[in-house]
Amino acid sequence: MKLFTKNVLRNLALAMLGASALSACGGVGSCANCNTTSSANLMLSSSTVALDPTYVQQIIVITNTGNAPATNLVLPILSSPVYLVSSTCTAGMTLAPQETCSYTISYIGAPSSSSENVIFGYSGGSSSTVPLVISWASGYPIAYITNNGGAQDAGIWKCSMDTNGDISSCNHQGAHTFPATTRGLAFAVVNGVKYLYVTISDAGVSKCSLDQYGQITTCDDTAGVAVDNAPNFSEAGYIQFAMINGVQYVYIGDTGSDNVYVCTLDSNGDFASCSETLDLDSMGQLSISNINGRTYLYIASSYPAGILRYAINESSGLLGSEELVQASNADYSAGTGVAYDGGLNIVTLNGINYVYSGSTMPTAPSSGNASGGVSTCSLDTSGIAVSCNQDYASGAWTPLPYSINNNVAEDLNLYVYFGLYNGQNGMYKCGVNTATGALLNCAQQNILNGGEPYSIAFAIYNQLS
Numbered sequence: 022m023k024l025f026t027k028n029v030l031r032n033l034a035l036a037m038l039g040a041s042a043l044s045a046c047g048g049v050g051s052c053a054n055c056n057t058t059s060s061a062n063l064m065l066s067s068s069t070v071a072l073d074p075t076y077v078q079q080i081i082v083i084t085n086t087g088n089a090p091a092t093n094l095v096l097p098i099l100s101s102p103v104y105l106v107s108s109t110c111t112a113g114m115t116l117a118p119q120e121t122c123s124y125t126i127s128y129i130g131a132p133s134s135s136s137e138n139v140i141f142g143y144s145g146g147s148s149s150t151v152p153l154v155i156s157w158a159s160g161y162p163i164a165y166i167t168n169n170g171g172a173q174d175a176g177i178w179k180c181s182m183d184t185n186g187d188i189s190s191c192n193h194q195g196a197h198t199f200p201a202t203t204r205g206l207a208f209a210v211v212n213g214v215k216y217l218y219v220t221i222s223d224a225g226v227s228k229c230s231l232d233q234y235g236q237i238t239t240c241d242d243t244a245g246v247a248v249d250n251a252p253n254f255s256e257a258g259y260i261q262f263a264m265i266n267g268v269q270y271v272y273i274g275d276t277g278s279d280n281v282y283v284c285t286l287d288s289n290g291d292f293a294s295c296s297e298t299l300d301l302d303s304m305g306q307l308s309i310s311n312i313n314g315r316t317y318l319y320i321a322s323s324y325p326a327g328i329l330r331y332a333i334n335e336s337s338g339l340l341g342s343e344e345l346v347q348a349s350n351a352d353y354s355a356g357t358g359v360a361y362d363g364g365l366n367i368v369t370l371n372g373i374n375y376v377y378s379g380s381t382m383p384t385a386p387s388s389g390n391a392s393g394g395v396s397t398c399s400l401d402t403s404g405i406a407v408s409c410n411q412d413y414a415s416g417a418w419t420p421l422p423y424s425i426n427n428n429v430a431e432d433l434n435l436y437v438y439f440g441l442y443n444g445q446n447g448m449y450k451c452g453v454n455t456a457t458g459a460l461l462n463c464a465q466q467n468i469l470n471g472g473e474p475y476s477i478a479f480a481i482y483n484q485l486s
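In case it helps, this note's numbering puts the sequence shown at residues 22 to 486.
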């Protein structure tokens with residue numbers, strides 16, 4: 022019996038030791054013979070994405086769902102008509118376990134529908150690839166321009182675009198009568214329908230429906246009634262849309278009271294409710310940008326401020342505290358400085374953000390003379406300006422670029438567009454040095470001669486037969 026008991030105790034002890042040793046890989050004790058498998062595993066938010074005239078951009082989220090880093094990330098090689106808009110993923114980077122990055126693509130339009138197969142992957146240590154199918158529908162690029170009158174009819178003009186981004190063959194959209202106070206333009210998709218929103222400085226915001234060819238069919242001047250009824254609203258000037266946590270907000274820059282309003286939308290695209298979220302001393306164009314995963318509203322705010330930005334609250338869409346991105350030069354009032362007081366547009370080139378801002382350099386402030394142009398400011402990784410240079414100077418008498426926008430043409434080059442007013446009217450197109458952000462070869466477009474173009478927006482629609 023004693024021998025039996027001794028053997029039982031010995032076996033129990035060995036079993037307990039064995040259990041501890043076998044569980045070492047789970048964090049108890051240690052075991053030299055344990056063999057765990059560690060590997061990275063890339064997963065895409067979708068294995069297929071489709072680009073069409075309604076949804077011209079798609080975001081692909083890449084996640085490392087494995088338990089080891091995915092080193093030396095490999096990004097797709099895109100072919101025309103698809104191009105990269107922006108990316109938080111960089112070639113050669115390492116994605117830690119459960120880490121994500123995003124990759125945003127668009128297309129320039131195409132004569133027919135087609136698709137291409139591309140791959141994401143990693144090649145450090147081990148290697149693996151994940152396929153993505155990108156399809157696109159037929160469509161062609163269109164430029165929409167607001168004109169204040171002059172020798173051309175006031176309202177909205179629809180224009181063709183050449184392969185190099187030049188604008189041509191403009192046709193007045195006469196389905197709805199717009200006054201000479203028509204200002205800003207912005208497209209937004211609501212419940213699968215793409216609308217064109219138009220700000221009118223003395224009438225609020227109009228929502229326009231378009232047919233499959235991009236022709237304006239109807240416009241509802243009461244769509245922005247929530248803005249018209251807001252306290253102290255006077256002049257709807259600039260308009261921007263932002264999608265925050267699945268909620269679409271619209272931001273209206275009031276150039277009369279110099280306030281910014283944030284509005285929500287009904288299911289039919291009409292404004293549901295609006296709140297005043299900012300009161301400034303001066304108001305220029307608005308621009309939305311995502312910096313390090315946070316969405317900001319940038320504003321050109323004239324002198325004495327400069328270029329400002331505000332983080333957007335992810336729960337309410339309201340604006341947070343003010344940050345100075347680039348101050349207007351302190352010598353502005355003496356006639357030697359620069360005021361950032363007109364159009365504003367942000368683009369990303371090779372991972373660096375640039376701000377293009379309409380600016381004035383007064384030559385004789387007491388007489389009202391000024392030399393206007395477009396300043397280019399490079400931003401650091403936090404979204405604050407590092408340096409600014411005036412790339413384009415346009416003459417005297419405040420020919421200030423009211424609105425600045427950009428577009429990628431069929432030649433896959435990025436171009437910047439802006440309209441001038443106050444006596445030197447015209448729509449201008451500039452090339453861009455992708456290494457420095459500098460504007461190149463700015464030239465007036467041969468359209469709307471004698472007119473007064475203010476704003477420009479771009480879209481893709483079907484080709485008229």
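Built from N, CA and C at the ideal position, the CB exists for glycine as well.
Extent of the continuous beta strand (DSSP E) to which residue i belongs
i, result
"Ala300", "It should be pointed out that residue 300 corresponds to Asp in this sequence rather than to Ala. Counting along the chain, the beta strand (DSSP E) containing Asp300 begins and ends at Phe292 to Asp300."
"Ala209", "Thr203 to Val211"
"Pro152", "Ser149 to Trp157"
"Ala263", "Ala257 to Ile265"
"Asp187", "Segment: none, Asp187 is in no beta strand (DSSP E) and carries neither H nor E."
"Met448", "Gly447 to Val453"
"Thr144", "Residue identity differs from the one stated: residue 144 is Ser in this sequence, not Thr. That residue, Ser144, is in no beta strand (DSSP E); it is neither H nor E in DSSP."
"Glu487", "Outside the displayed span of the chain (22 to 486) sits residue 487, for which this structure offers no information."
"Leu340", "Leu340 to Ala348"
"Tyr218", "Val214 to Ile221"
"Pro474", "Gly472 to Tyr482"
"Gln306", "Premise fails: Gln306 is in no beta strand (DSSP E) and is neither H nor E."
"Pro162", "Tyr161 to Gly171"
"Cys240", "Ile237 to Asp241"
"Leu334", "Note that residue 334 is Asn in the sequence shown, not Leu. From DSSP, Asn334 is part of no beta strand (DSSP E); its letter is neither H nor E."
"Gly314", "From DSSP, Gly314 is part of no beta strand (DSSP E); its letter is neither H nor E."
"Asn462", "Leu460 to Gln465"
"Tyr270", "Val268 to Asp275"
Exposed unless 16 or more other CB atoms sit within 10 angstroms - verdict on residue i
i, result
"Leu485", "exposed"
"Arg330", "buried"
"Met264", "exposed"
"Glu473", "buried"
"Gly274", "buried"
"Gln119", "exposed"
"Asn54", "Confidence is the limiting factor: at Asn54 the pLDDT is only 49, short of 50, which leaves the residue's position unreliable, though a coordinate-based value still follows. Looking at its Cβ environment, which holds fewer than 16 other Cβ atoms inside 10 Å, Asn54 is exposed."
"Ser41", "Annotation note: pLDDT 37 at Ser41 (below 50); position unreliable, no value reported."
"Val283", "buried"
"Gly372", "exposed"
"Gly314", "exposed"
"Ile98", "exposed"
"Gln466", "buried"
"Gly48", "A caution first: Gly48 carries a pLDDT of 44, below 50, which makes its placement in the model unreliable, though a value can still be read off. So Gly48 counts as exposed."
Residues that residue i bridges to, as DSSP identifies them
i, result
"His193", "Trp178"
"Ala406", "Leu400"
"Glu120", "Glu120 is not bridged to any residue."
"Val11", "As displayed, the chain neither begins before 22 nor continues past 486, which places residue 11 out of reach and without an answer."
"Asn366", "Tyr377"
"Tyr361", "Ser380"
"Met64", "Thr84"
"Gln411", "Ser396"
"Tyr436", "Asn428 and Gly452"
"Gly327", "Ala348"
"Ile468", "Paired residue(s): none; Ile468 is not in a bridge."
Length of the line joining the Cα atoms of residue i and residue j
i, j, result
"Gly205", "Ile328", "19 Å"
"Cys122", "Ala172", "50 Å"
"Ser308", "Ile367", "7 Å"
"Tyr128", "Ala430", "9 Å"
"Ile221", "Met304", "16 Å"
"Thr395", "Asp432", "Going by the sequence as given, residue 395 is Val instead of Thr. Whole-angstrom Cα-Cα distance: 24 Å."
"Ser255", "Pro132", "44 Å"
"Ala208", "Ser336", "The sequence given here places Phe at residue 208; Ala does not occur at that position. About 23 Å."
"Tyr413", "Ala406", "18 Å"
"Thr109", "Gly195", "42 Å"
"Thr457", "Asn311", "20 Å"
"Gln233", "Trp157", "16 Å"
"Val70", "Val154", "6 Å"
"Gly186", "Asn192", "17 Å"
Nearest to residue i (by Cα), restricted to the options the options
i, options, result
"Thr92", "Thr69, Ser148 and Val82", "Ser148"
"Cys240", "Cys451, Val70, Gly290 and Leu370", "Gly290"
"Val139", "Tyr124, Gly145 and Gly146", "Tyr124"
"Val95", "Gly113, Tyr104, Phe262 and Gln79", "Gly113"
"Tyr104", "Cys463, Tyr449, Asn434 and Leu469", "Asn434"
"Tyr218", "Thr243, Gly160 and Tyr319", "Thr243"
"Ser294", "Tyr319, Thr86, Tyr375 and Val246", "Val246"
"Asp223", "Thr202, Tyr375, Val77 and Ser399", "Thr202"
is_contact[residue i, chain D] using C-beta, thresh 8 Å
i, result
"Val248", "This model lacks chain D altogether; it includes just one protein chain."
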